[in-house]
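Number of protein chains: 2
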Amino acid sequence: MSRSNRERTESTVSALIEAARALFVEKGYVETATPDIVAAAGVTRGALYHHFEDKKALFRAVVEREAQAVAAAIEERAAPAGSPREALLAGAAAYFDAMAKEGRTRLMLLDGPAVLGFASIGAIDSENAEGTLRDGLAAALAAAGKSDRLIGALTALLSAAFDRAAIAIEAGESRADLETAIATLADGLLKP
Amino acid sequence: MSRSNRERTESTVSALIEAARALFVEKGYVETATPDIVAAAGVTRGALYHHFEDKKALFRAVVEREAQAVAAAIEERAAPAGSPREALLAGAAAYFDAMAKEGRTRLMLLDGPAVLGFASIGAIDSENAEGTLRDGLAAALAAAGKSDRLIGALTALLSAAFDRAAIAIEAGESRADLETAIATLADGLLKP
DNA sequence: TTAACATACAAACAGATTGTATGTAAAGAG
DNA sequence: CTCTTTACATACAATCTGTTTGTATGTTAA
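Chains Z and E supply the protein sequences, listed in that same order.
Residue numbers for the first sequence follow numbering that gives the first Met the number 0, so the first one is 0 and each next one is one higher.
Residue numbers for the second sequence follow numbering that gives the first Met the number 0, so the first one is 0 and each next one is one higher.
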């Protein structure tokens, strides 16, 4: 049984990413050792360092994949929706659903920023979930006849609030209350 | 020249905390090695491990001290103020001033949560800045004749927004815009 | 088809780092 | 003045990371 190089690479890389994801989620980035990762993936450290520049690069691959999955989950649910306000809240709900997958808050909101830096994570995020939020907010502000001069700042603040809500939900706090609080915040922005 | 044990401990511990703070800020927690810390502090690793259980405990000491400093700076500026709304915004400004001290965003908002965990950082924070926010928000909501059922959730969301604003300010974005955005958010909450 | 090369990986190595264990001098108690 | 405790310094053991070296398998082109 012989496999092409492409096939070999593909299966090795994804085995590494999956094993790494599990360990990063379970023990965090710092406490996860590369020998454990490769053991779980069924390869050796040689394979890891052949496909990734270093441990951080493997972590980045895990996080990027995760961000894409979240973006895809939200996109997929992008109902045509009713009012811009409802679209915004539906987007929030979709985001919380997506972030409910175990380990995502840790990967994307805890270890991600610390390991990759705010800048990197911001870039990964901006192209994904945060862009959607900005568009939704812009539409809602426009519909409410409000200025969009602060759209950048408001998007950043709301995005942070969403992230914190996701964390709180995972910590066991009432999702209903947090969604209502988000709605309250959004309504405040849109009220004349 | 002989010093009492208390004096020796005091000076060693604070030398360690100060040296560690500088290095944690400059290079981050993971990239900072204990030999570098003790060299900068003018002691040996023996002293470090005598006074702190491990590297993480030293980091925790640094962060706790920082959180207290922020809380004190805000407290100190707690002008009797005018309306609850103005008190809230003044608190925000005080928070941004306090967080402007170099390294604080990295210590408290980036490495802190990753190294100590959300729970620990949440606890440290709750007893400090976040408690003040909760009180201010409760007062403002009461004055506006609004329900305070969601006070916990709203405090968490606003606190996250404040943190993100502090990060954005450090990244060079317009503080004026961010403060205005915060004010917009707050006003939305208080409008009938 | 086969010689030349590139790719994928395994295994061994070097340096650095963390926490511990051991040794010593100074302080404090009785 | 002895005995104990505290505050360190130094040496050590166990990892862990990134690099290097070696090998087998896949790919390409004459």
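Just so you know, even glycine gets a beta-carbon here, dropped at the ideal spot from N, CA and C.
- For A66 (chain E) and A72 (chain E), the gap between their C-alpha atoms comes out near 10 Å.
- Within the stretch 8-62 of chain E, the alpha helix (DSSP H) runs of at least 4 residues that lie entirely inside it are, in chain order, 33-40, 44-50.
- At a cut-off of 7 Å between C-beta atoms, D124 (chain E) does not count as an interface residue with respect to chain Z.
- Around the CB of E169 (chain Z), 16 or more other CB atoms lie within 10 Å, so the residue is classed as buried.
- In its chain, beyond the 5 residues on either side, L87 have a beta carbon closer than 6 Å to the beta carbon of A185 (chain Z).
- Between G102 (chain E) and chain Z, the shortest Cβ-Cβ separation is not below 7 Å.
- In summary, the residues of the stretch 107-119 of chain E whose CB is separated from some CB of chain Z by less than 7 Å are L109, D110, P112, A113, F117, in the order they occur in the chain.
- Within 10 angstroms of the beta-carbon of P112 (chain E) lie 16 or more other beta-carbons, which makes it buried.
- Relative to E129 (chain E), the option among E:D176, E:L177, E:T104, E:Y94 whose CA is nearest is E:Y94.
- I166 (chain E) and E52 (chain E) have their C-alpha atoms roughly 31 Å apart.
- In the DSSP assignment, E178 (chain Z) falls within the alpha helix (DSSP H) that extends over 174-189.
- Using a Cβ-Cβ cut-off of 9 Å, I181 (chain E) is close to A152, L156 of chain Z, given in chain order.
- Here the alpha carbon of D176 (chain E) sits roughly 30 Å from the alpha carbon of R148 (chain E).
- Closest option to I123 (chain E), judged by alpha-carbon separation, among E:G27, E:P34, E:A68: E:A68.
- Here DSSP, grouped into helix, strand and coil, assigns R64 (chain Z) to helix.
- Against chain Z, a Cβ distance below 9 Å from G187 (chain E) picks out T183, L184, A185, D186, G187, L188, L189, K190.
- For K26 (chain E), the closest alpha carbon among the candidates Z:A155, Z:L189, Z:G27, Z:G116 is that of Z:G116.
- At a beta-carbon threshold of 8 Å, none of the residues of chain E lie near A137 (chain Z); the nearest stands roughly 14 Å away.
- Taken in chain order, the stretch 89-164 of chain Z contains no complete beta strand (DSSP E) segment of 3 residues or longer.
- Scanning chain Z for C-beta atoms nearer than 7 Å to the C-beta of I166 (chain E) yields F117, reported in chain order.
- Judged by beta-carbon spacing, L57 (chain E) lies beyond the 7 Å limit of A40 (chain E), meaning their Cβ atoms are not closer than that value.
- Rounded to whole angstroms, the gap between the alpha carbons of E17 (chain Z) and A99 (chain Z) is 18 Å.
- Under the 7 Å criterion on CB atoms, L132 (chain E) is classed as non-interfacial with respect to chain Z.
- By the Cβ neighbour-count rule, T43 (chain E) is exposed, with fewer than 16 other Cβ atoms within 10 Å of its own.
- By the neighbour-count criterion, in which a residue is buried when 16 or more other Cβ atoms sit within 10 angstroms of its Cβ, R7 (chain Z) is exposed.
- At a cut-off of 7 Å between C-beta atoms, D176 (chain Z) counts as an interface residue with respect to chain E.
- Under the Cβ distance rule, R59 (chain Z) does not count among the residues neighbouring chain E, no pair being separated by less than 7 Å.
- Look at the stretch 24-48 of chain Z: the residues with a C-beta under 8 Å from a C-beta of chain E are G27, Y28, V29.
- Between the C-alpha atoms of L136 (chain E) and A91 (chain Z) there is a straight-line separation of about 23 Å.
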